[in-house]
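Colleague: Protein chains in written order, with UniProt numbering: chain C, 1 to 425; chain W, 1 to 425; chain Z, 1 to 425. The structure follows.
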Amino acid sequence: MVLKMSRMKYAPLLVFQLVLMVLYFVFVRYGDGEDVGVKGFEDTHVMIFIGFGFLMTFLKKYCYSALGFNWLLAALVIQWALLCQSFYHMKDNVIQVTKKSLLEADIMSATVLITFGALLGVASGVQLLFIAVVETAVACLNIWLVADVFKAADVGGSIAIHSFGAYFGLGVSLALRSKPSTEAPATNGNTVPAVDLNGPSYISDVTAMIGSIFLWIYWPSFNSGLTKTDAEYQRAVINTYLSLAAATVTTFIISSAVSKYHGRLDMVHIQNSTLAGGVAVGSVCNMHIGPGGAIAVGIGAGLLSVLGYRYLTPKLTKLGVLDTCGVNNLHGMPGLYSGLLSVLFAALATKEKYGAPELGAVFDAMKDDGRTASNQALYQFIALVVTFVLSLVSGFFTGLLSKLPIFESLKENEKYDDEINWELP
Amino acid sequence: MVLKMSRMKYAPLLVFQLVLMVLYFVFVRYGDGEDVGVKGFEDTHVMIFIGFGFLMTFLKKYCYSALGFNWLLAALVIQWALLCQSFYHMKDNVIQVTKKSLLEADIMSATVLITFGALLGVASGVQLLFIAVVETAVACLNIWLVADVFKAADVGGSIAIHSFGAYFGLGVSLALRSKPSTEAPATNGNTVPAVDLNGPSYISDVTAMIGSIFLWIYWPSFNSGLTKTDAEYQRAVINTYLSLAAATVTTFIISSAVSKYHGRLDMVHIQNSTLAGGVAVGSVCNMHIGPGGAIAVGIGAGLLSVLGYRYLTPKLTKLGVLDTCGVNNLHGMPGLYSGLLSVLFAALATKEKYGAPELGAVFDAMKDDGRTASNQALYQFIALVVTFVLSLVSGFFTGLLSKLPIFESLKENEKYDDEINWELP
Amino acid sequence: MVLKMSRMKYAPLLVFQLVLMVLYFVFVRYGDGEDVGVKGFEDTHVMIFIGFGFLMTFLKKYCYSALGFNWLLAALVIQWALLCQSFYHMKDNVIQVTKKSLLEADIMSATVLITFGALLGVASGVQLLFIAVVETAVACLNIWLVADVFKAADVGGSIAIHSFGAYFGLGVSLALRSKPSTEAPATNGNTVPAVDLNGPSYISDVTAMIGSIFLWIYWPSFNSGLTKTDAEYQRAVINTYLSLAAATVTTFIISSAVSKYHGRLDMVHIQNSTLAGGVAVGSVCNMHIGPGGAIAVGIGAGLLSVLGYRYLTPKLTKLGVLDTCGVNNLHGMPGLYSGLLSVLFAALATKEKYGAPELGAVFDAMKDDGRTASNQALYQFIALVVTFVLSLVSGFFTGLLSKLPIFESLKENEKYDDEINWELP
């Protein structure tokens, strides 16, 4: 009986995959070829499947699950996100799919994978699938609010993708928090193995670097993929490149400075905080922030992220809010930081707007609807607040639902362990 | 004496490399720059050298050979394939090489690497080199029959590359089958180590995922690389993307459903059957199969491939027909499936042909020579049958020849082992 | 006290990063969008951060440092190189940064990473940072001499990048040579661990292949990135592709032929000498060397490189000149070889120049300034000699300076060991 249930645990997933197929047959058609020249699709594809997948192999006994569930979740979400995103832009009840739609679906899947990072090793496969399906729908609603209702600029998705994914994940984590204060440091027979497994081996930290470095390499493509003009595209590439470089140098400096072990570097910082430069510059990378400004943003991002890993995450863990990959430090806070920068640069757009029409063009509502700079700044702020609240709240309730017995929560001694999901050698 | 012979074992390869050089000096010239814009070359290059190479590192003690021989074979075959393929299109006894020729040479090398997958760990380096040289020549003849004589549509090479490579490999395997029924389960001193080594370690299954995921990521580029128009290109990318996504989700579901261990996932399925969606859609990916159709194709591919690994491969192994990577399940059967789909869509082309001229354009012979849809369907079928028979038969005879003493067959206790080929740490 | 000093060891780096930020604010502006179509940037980016990084993970206990310092050095150098290179081309005291500048900065960082390869495991982090900053400035001066003063052709950077980086590294190594003859074979307690760690493990040689193969795959993009016409671009891609393929086949043959162990292959050769084909063809890859010529160049490169690893490196090591990755065999000698080929093809350009104007176009000074072929050949030679002497001498003096106490040289028992730099699991 147990056997049969285990084998059938993905039966609802099969039903969902078949429903997706039917929806595609009914609603989706090939678009015309005008988006064929879209940049950054292949690079973003590497980030989603290699980047996120390998970054999460840092746990010593959870590499198969990290790679496997990353792949499964993304393969499911890209199909589902393409529908959810296009739902708000249907014409005659038909969805026109182009190469650009695929890029947008890939970008949306990052949201879910960031959430997965918060829950790595503590949520079961079935829980993750349920969370992914719900999160995608809410995140697509949110991105519609940000881009189409508030008309906020967020070309690299730091608000609508990175912040959303991180705080949705922390919302779930808050809901999954079982016994707040006594659980974490408990040392009874059951929890010991799980606690033991929540850490890297020498080789798992090396394979995690595959993911980390590929994410870093292709981040300029990710941030610039949805730009519209050559000048905007080039600014996005240059700013992201410089911000990442500066964040990387800063990460090494600060990791050594705050070390508990004689100035030694912490691989967690190197794998993650180096990337915070890409998140932090995301919402403003296509603006005239200046190459020096991009470096300044990156320095701030590296600093913020390492300090978060070093001082904030242990506090959250003590409160029972688990965040296995520390997505709050890589995606959450740097995303909020980027959102605030977008408020700043929108407010500063006033005098530049007429002198440099290109800058105005970044804020479509200023160009097309005559919105003022301070109004644009306000809408950037609203977009940020709505994203933060919506992600946290919807994540929390999704987390509560995911504790229902049908979603097969993990026991303490099943956490961070490939054993329950995989035939191991 | 033994020493000297071992050191000189690659002497014939040196001669062949020098002959290639002379042939290039005599026959090959730079083509003009009109193919410079060819898409997908760099991505395909990653698939051949990283994708195939790392996918085959799943054996615990054969990683060096997997990576090394993959590299050696492909580096040799791309030089040789460029000559063999262009042989049928020479003008004034001159071969014009362009960036597109490099892409075609890369694609051809996939054929040999698929065959290598069937023989992984059981054929010696010298055998593999002999097989590769012969196979390339025959496969180039076959692709000329398929594309130029039968004028069959096969843009992603599922017929001429994937099926050919798989069944050539199974043909060789059939010929190498030494003592059919008693050999496999034997447990005498000699065979035990080999049997022991024919399996993964925890880390080798992780490095294999590097190859698997890169193949998956760049498959849309592979299938669309030789398309001619933007609309056709975009259909190829979208269909391959969706088919792969659906095959991936299906693979997880079915792997769990047919598991012998409480619904646990099998890494072999995850590494391989996920990719079957790319093969299955290959021959038809540029056609108007519809986004829903692409998902349906992918679901079928995942199902077919996992069931093949689970139930068919063990039967073939019992019969002595070894297929180390299970290429029959990843390339063989999905390739035949794709070929049959191309028959179907050719037959359905009739009424679409006039309504949607783009579809007709996929079948050059229907557009240029006035071939009817049912005739086109017939030629698609002939191309599939000829490929299957030619690959199996030529593989079988090549396998028989490779058993000659000069090719240094492996003894049972030398199989699946880097020891005989590499200085190990 | 010791603790505090260790934690503050990167304080000068923080100052340098802040100085860079200020320089960018003052001098650097976005260029216009005309270089947006530059080819090869993303591919080169992969080579720098994944390629060089993972290639150097071959040491069993130095993977974190290889990946980490590679990343840190490159992230620092790209910011610094962009300034140093552009210094010679400023207009109105302003540096215009474009996507092409990023490519050039990436290419320049390769110089420093090659030097890092020579010093892998024997120089401390602080030494490496000091060396990187000095080397970048000198290398940018040298590339200005080669390209703008001597007007030598060197599109793939085999002279100004590969040779420079290798001989700068050997110059440093010469200066670091502590006790020439007795040190190396010493077996007292202190040196034993270091000697033990200067070698690979089974898995570290596999991860090194990730780097090696990605370098190999994207080398055609690296060599062709700075070409100016489609025809020149295509020649660069084809020649690099063929030279690499031939070098790879040759490497396997020669590695087996010179083996001390029954013809077994040496992973060091496979990881490195395969790439020598890309270096050797670099300076001439955009010229009319012919596809057969490209294969000939590659065969020579594989031969030269394997023989260097097998017979020359052990001699240098005995003399106390350490070269951990053998960059002399991968970048140094193949770079000189490529430089000499450029002398040859410049001299041969005479009669071709008028018959095939495209060839002339490769040598800008012949087209624009009426320089003769023999004069061009002379300048190619001067560029090569100046590069060799400048790199070796400046490397030597930089090495001497790096022995100052403030740069924290490693003790014998700290070499090749992640322990001193990293919190290990």
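Even for Gly, the Cβ is constructed at its ideal location relative to N, Cα and C. None of the values given here were measured: they were computed from a predicted structure.
By the three-class DSSP mapping on this structure, what secondary structure does Ile289(W) have?
Modeller: Coil, per DSSP.
Colleague: Measure from the alpha carbon of Leu20(W) to the alpha carbon of each residue in Gly335(W), Ala81(W), Phe52(W), Gly51(W), then state which is nearest.
Modeller: Out of Gly335(W), Ala81(W), Phe52(W), Gly51(W), Ala81(W) has the C-alpha closest to the C-alpha of Leu20(W).
Colleague: In chain order, which continuous runs of the alpha helix (DSSP H) of length 4 or greater are located wholly inside the region 198-241 of chain Z?
Modeller: Runs found: 202-224.
Colleague: Using Cβ-Cβ distances below 9 Å, what residues of the region 246-272 of chain C are close to chain W?
Modeller: So the list is empty, because no residue satisfies the distance condition.
Colleague: Does Lys318(Z) pass the burial test, meaning 16 or more other C-beta atoms within 10 Å, or should it be called exposed?
Modeller: Result: exposed.
Colleague: I want to verify the contact list: residues of chain W whose CB lies under 9 Å from the CB of Ala64(C), in sequence order.
Modeller: With the sequence shown as reference, residue 64(C) is identified as Tyr, and Ala is not the correct amino acid for it. By Cβ distance, chain W contributes Tyr202, Asp205, Val206, Met209, Leu265, Met267, Ile270.
Colleague: State yes or no: is the beta carbon of Tyr309(Z) nearer than 8 Å to at least one beta carbon in chain W?
Modeller: It does not: the Cβ of Tyr309(Z) has no partner Cβ on chain W nearer than 8 Å.
Colleague: Would you grab the beta carbon distance between Thr250(Z) and Ser212(Z) for me? Rounded to a whole angstrom, and I think it's under 8 Å.
Modeller: Actually they are not in contact, since the Cβ atoms of Thr250(Z) and Ser212(Z) sit about 16 Å apart, beyond 8 Å.
Colleague: Looking at the unbroken beta strand (DSSP E) that takes in Ile95(Z), where does it start and where does it end?
Modeller: Ile95(Z) -> beta strand (DSSP E) spans 95-97.
Colleague: Of all Cβ atoms in chain Z, is any one closer than 8 Å to the Cβ of Ser6(W)?
Modeller: Yes, Ser6(W) lies at the interface with chain Z (some Cβ there is under 8 Å from its Cβ).
Colleague: Of the choices Arg235(Z), Ile210(Z), Phe222(Z), whose alpha-carbon is the least far from that of Gly33(W)?
Modeller: Out of Arg235(Z), Ile210(Z), Phe222(Z), Arg235(Z) has the C-alpha closest to the C-alpha of Gly33(W).
Colleague: Would you kindly report the start and end of the unbroken alpha helix (DSSP H) that includes Val155(W)?
Modeller: No alpha helix (DSSP H) holds Val155(W); DSSP gives it neither H nor E.
Colleague: Run through the region 298-329 of chain C for me and flag every whole alpha helix (DSSP H) of 4 or more residues, listed as ranges in chain order.
Modeller: If we require 4 residues or more, the alpha helix (DSSP H) runs fully inside the region 298-329 of chain C come out as 313-318.
Colleague: Hey, which unbroken runs of the beta strand (DSSP E) at 3 residues or more fall wholly within the region 35-100 of chain Z?
Modeller: For the region 35-100 of chain Z, whole beta strand (DSSP E) runs of length 3 or above, ordered along the chain, are 95-97.
Colleague: In the DSSP assignment, find the unbroken alpha helix (DSSP H) run with Tyr337(W) in it and report its ends.
Modeller: Tyr337(W) -> alpha helix (DSSP H) spans 333-347.
Colleague: Using the C-alpha atoms, what's the distance from Gln127(W) back to Ser394(W)?
Modeller: If I take the Cα positions, the gap works out to 15 Å.
Colleague: Could you name the residues that DSSP lists as bridge partners for Tyr30(C)?
Modeller: Answer is Val97(C), bridged to Tyr30(C).
Colleague: Do you know whose CA, among Ile48(Z), Leu410(Z), Glu423(Z), lies nearest Ile217(Z)'s CA?
Modeller: Nearest option by C-alpha distance: Ile48(Z).
Colleague: Please report the residue range of the alpha helix (DSSP H) in which Thr387(Z) lies.
Modeller: Counting along the chain, the alpha helix (DSSP H) containing Thr387(Z) begins and ends at 373-401.
Colleague: Which residues, taken in chain order from the region 79-101 of chain Z, show a beta carbon closer than 9 Å to some beta carbon of chain C?
Modeller: Answer in chain order: Gln79, Leu82, Ile95, Val97, Thr98, Lys99, Ser101.
Colleague: For Ile50(Z), count neighbouring C-beta atoms within 10 Å of its own C-beta (all shown protein chains included) and say buried if the count is 16 or more, exposed if not.
Modeller: Ile50(Z) should be labelled buried.
Colleague: Based on Cα-Cα distance, which residue from Pro200(Z), Ala208(Z), Leu390(Z) lies nearest to Leu424(W)?
Modeller: It is Pro200(Z) whose Cα lies nearest to the Cα of Leu424(W).
Colleague: Is it buried or exposed for Asp369(C), if we count other Cβ within 10 angstroms and need 16 for buried?
Modeller: Exposed.
Colleague: Taking all protein chains shown into account, decide if Lys260(C) is buried (16 or more other Cβ within 10 angstroms of its Cβ) or exposed.
Modeller: Exposed: under 16 other Cβ atoms inside 10 Å.
Colleague: Terminal residues of the continuous alpha helix (DSSP H) containing Val268(C)?
Modeller: Segment 267-280, the alpha helix (DSSP H) holding Val268(C).
Colleague: Less than 8 Å between the CB atoms is what I'm expecting for Asn286(Z) and Val122(Z), so what's the real figure, rounded?
Modeller: So it is not a contact: roughly 37 Å between Cβ atoms.
Colleague: Strictly below 9 Å CB to CB, what residues from chain W border residue 512(Z)?
Modeller: Nothing can be reported for residue 512(Z): it is not among the residues displayed for chain Z, which extend from 1 to 425.
Colleague: Do you know how far the Cα of Ser283(W) is from the Cα of Asp148(W)?
Modeller: Their Cα atoms are separated by approximately 16 Å.
Colleague: Along the chain, where does the alpha helix (DSSP H) that runs through Ala137(W) open and close?
Modeller: Note, Ala137(W): alpha helix (DSSP H), 125-144.
Colleague: Against chain Z, with Cβ distances strictly below 8 Å, would Val192(W) count as a contact?
Modeller: In this predicted model, Val192(W) has a pLDDT of only 45, less than 50, meaning its place in the structure is not dependable; the value taken from the coordinates is given anyway. Not one chain Z Cβ lies under 8 Å of Val192(W).
Colleague: Hey, would you say residue 452(C) sits closer than 8 Å to Lys411(C), going by beta carbons?
Modeller: In the structure as shown, chain C begins at 1 and stops at 425. Residue 452(C) is therefore absent and cannot be evaluated.
Colleague: List the residues of chain C that Ser221(W) touches, going by C-beta distances under 9 Å, in chain order.
Modeller: Simply Glu42.
Colleague: When the cut-off is 8 Å and only beta carbons count, does Trp144(W) lie next to chain Z?
Modeller: Trp144(W) does not count as touching chain Z.
Colleague: Are the Cβ atoms of Leu55(C) and Gln271(C) separated by less than 8 Å?
Modeller: Yes, these two residues count as a Cβ contact at 8 Å.
Colleague: Are the region 379-391 of chain C and the region 93-105 of chain C in contact at 8 Å, needing three or more beta carbon pairs?
Modeller: Contact fails: fewer than three Cβ-Cβ distances are below 8 Å.
Colleague: Should the region 155-164 of chain W be called in touch with the region 398-418 of chain W, which here means at least 3 C-beta pairs below 8 Å?
Modeller: Flag = no, the region 155-164 of chain W and the region 398-418 of chain W do not touch.
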